[in-house]
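Heads up, the thing below is written out as C-alpha coordinates.
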Amino acid sequence: MIRINYLLQASFLMNEFNQNISREYIKTMRKLSNKFLIKHDKKFKKLFCKKCNSVLIPSATCKVSVNPQNLSKKEKNRNEEVSTNLKGKLRDEFLVSYRCNYCQHDTKFVYENGLTAQRANETEAV
(Lines of atoms letter the chains of each structure in order from A and count residues from 1; the text may use other names and numbers.)
(Lines give C-alpha, C1' and ligand atoms only; values in the text may rest on other atoms or scores of the structure.)
Protein backbone atom coordinates (compact mmCIF):
# COMPACT_ATOMS: atom_id res chain seq x y z
CA MET A 1 0.00 0.00 0.00
CA ILE A 2 2.91 2.33 0.73
CA ARG A 3 4.32 1.86 -2.76
CA ILE A 4 0.93 2.60 -4.33
CA ASN A 5 0.60 5.85 -2.39
CA TYR A 6 4.17 6.77 -3.32
CA LEU A 7 3.46 6.18 -7.03
CA LEU A 8 0.30 8.29 -6.84
CA GLN A 9 2.14 11.20 -5.21
CA ALA A 10 5.02 10.89 -7.69
CA SER A 11 2.60 10.93 -10.62
CA PHE A 12 1.03 14.18 -9.37
CA LEU A 13 4.48 15.76 -9.02
CA MET A 14 5.76 14.53 -12.39
CA ASN A 15 2.60 15.63 -14.18
CA GLU A 16 3.88 19.22 -14.25
CA PHE A 17 7.12 18.23 -15.99
CA ASN A 18 6.38 15.13 -18.07
CA GLN A 19 2.88 13.72 -18.48
CA ASN A 20 4.10 10.48 -20.06
CA ILE A 21 6.10 9.55 -16.94
CA SER A 22 3.08 10.46 -14.81
CA ARG A 23 0.90 8.10 -16.86
CA GLU A 24 3.44 5.29 -16.47
CA TYR A 25 3.39 5.74 -12.68
CA ILE A 26 -0.41 5.49 -12.66
CA LYS A 27 -0.27 2.44 -14.94
CA THR A 28 2.22 0.73 -12.61
CA MET A 29 0.11 1.67 -9.59
CA ARG A 30 -3.02 0.16 -11.15
CA LYS A 31 -1.15 -3.06 -12.05
CA LEU A 32 0.09 -3.41 -8.47
CA SER A 33 -3.34 -2.82 -6.97
CA ASN A 34 -4.88 -5.39 -9.33
CA LYS A 35 -2.13 -7.90 -8.62
CA PHE A 36 -2.51 -7.71 -4.84
CA LEU A 37 -6.31 -7.18 -4.94
CA ILE A 38 -6.23 -3.88 -3.06
CA LYS A 39 -9.60 -2.16 -2.72
CA HIS A 40 -9.53 1.62 -2.98
CA ASP A 41 -11.73 4.36 -1.63
CA LYS A 42 -14.18 6.13 -3.98
CA LYS A 43 -12.11 9.31 -3.73
CA PHE A 44 -9.06 7.42 -4.96
CA LYS A 45 -10.81 6.34 -8.16
CA LYS A 46 -11.60 9.95 -9.08
CA LEU A 47 -7.94 10.96 -9.28
CA PHE A 48 -7.04 9.48 -12.67
CA CYS A 49 -8.53 8.65 -16.06
CA LYS A 50 -9.37 4.97 -16.41
CA LYS A 51 -8.76 4.98 -20.16
CA CYS A 52 -5.37 6.70 -20.57
CA ASN A 53 -4.10 6.68 -16.93
CA SER A 54 -3.53 10.44 -16.81
CA VAL A 55 -3.94 12.39 -13.58
CA LEU A 56 -7.22 14.33 -13.44
CA ILE A 57 -6.51 17.86 -12.23
CA PRO A 58 -9.43 20.25 -12.87
CA SER A 59 -8.68 22.95 -15.46
CA ALA A 60 -5.16 21.55 -15.99
CA THR A 61 -5.62 18.03 -17.36
CA CYS A 62 -9.42 17.78 -17.47
CA LYS A 63 -12.53 19.88 -17.96
CA VAL A 64 -15.17 19.74 -15.24
CA SER A 65 -18.87 20.37 -15.77
CA VAL A 66 -21.60 20.23 -13.14
CA ASN A 67 -25.19 19.46 -14.09
CA PRO A 68 -27.85 19.73 -11.39
CA GLN A 69 -30.39 16.97 -11.52
CA ASN A 70 -32.81 15.37 -9.18
CA LEU A 71 -32.21 11.64 -9.23
CA SER A 72 -34.52 11.09 -6.28
CA LYS A 73 -37.60 11.54 -8.46
CA LYS A 74 -36.95 8.09 -9.92
CA GLU A 75 -36.93 6.53 -6.46
CA LYS A 76 -39.71 8.67 -5.01
CA ASN A 77 -42.04 5.76 -4.36
CA ARG A 78 -39.37 3.52 -2.83
CA ASN A 79 -37.49 5.94 -0.58
CA GLU A 80 -39.85 8.83 0.05
CA GLU A 81 -38.72 9.38 3.64
CA VAL A 82 -35.01 9.20 2.81
CA SER A 83 -35.18 11.52 -0.20
CA THR A 84 -36.82 14.47 1.55
CA ASN A 85 -35.24 17.15 3.68
CA LEU A 86 -36.73 19.34 6.44
CA LYS A 87 -39.05 21.30 4.16
CA GLY A 88 -40.29 18.24 2.29
CA LYS A 89 -38.40 19.07 -0.90
CA LEU A 90 -36.58 16.41 -2.85
CA ARG A 91 -32.86 16.11 -2.24
CA ASP A 92 -30.61 17.83 -4.78
CA GLU A 93 -27.98 15.75 -6.50
CA PHE A 94 -25.41 16.85 -9.02
CA LEU A 95 -23.88 14.99 -11.92
CA VAL A 96 -20.22 16.00 -12.17
CA SER A 97 -18.46 14.97 -15.36
CA TYR A 98 -14.71 15.04 -15.90
CA ARG A 99 -13.48 15.12 -19.52
CA CYS A 100 -9.84 14.12 -19.93
CA ASN A 101 -7.92 16.56 -22.14
CA TYR A 102 -5.63 13.80 -23.41
CA CYS A 103 -8.07 11.10 -24.56
CA GLN A 104 -11.47 12.95 -24.34
CA HIS A 105 -12.89 10.20 -22.09
CA ASP A 106 -15.84 11.25 -19.90
CA THR A 107 -16.07 10.10 -16.29
CA LYS A 108 -19.28 10.90 -14.41
CA PHE A 109 -19.95 10.95 -10.67
CA VAL A 110 -23.07 11.76 -8.65
CA TYR A 111 -22.68 14.10 -5.68
CA GLU A 112 -25.33 15.01 -3.14
CA ASN A 113 -25.78 18.53 -1.90
CA GLY A 114 -23.91 18.58 1.42
CA LEU A 115 -26.24 21.01 3.21
CA THR A 116 -29.33 18.99 2.40
CA ALA A 117 -27.72 15.76 3.55
CA GLN A 118 -26.62 17.38 6.83
CA ARG A 119 -30.15 18.64 7.51
CA ALA A 120 -31.58 15.17 6.93
CA ASN A 121 -29.06 13.71 9.39
CA GLU A 122 -29.94 16.35 12.00
CA THR A 123 -33.65 15.50 11.83
CA GLU A 124 -32.91 11.79 12.23
CA ALA A 125 -30.81 12.51 15.34
CA VAL A 126 -33.64 14.46 17.00
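In our numbering, each residue carries its 1-based index in the sequence shown increased by 139. All C-beta atoms in this analysis are idealised placements derived from N, C-alpha and C, irrespective of residue type, glycine included. All values reported here derive from a predicted model rather than from experimental measurement.
By the C-beta density criterion, L195 is buried, having at least 16 other C-beta atoms within 10 angstroms.
For a cut-off of 8 Å, the C-beta gap from N206 to F248 is around 11 Å, too long to register as a contact. In this structure F183 does not touch I165 by the C-beta definition: roughly 11 Å separates them, more than the 8 Å allowed. For E163, no beta strand (DSSP E) encloses it; the enclosing alpha helix (DSSP H) starts and ends at 158–174.
Beta-bridge partners assigned by DSSP to Y237: V203, T246. Residue environment analysis places M168 among the buried positions, since at least 16 neighbouring C-beta atoms fall within 10 angstroms of its C-beta. Counted as a single uninterrupted DSSP element, the stretch harbouring F187 is not any alpha helix (DSSP H), since DSSP gives it neither H nor E.
Rounded to the nearest angstrom, the Cβ distance from S198 to S236 is 14 Å, too far for a contact under 8 Å.
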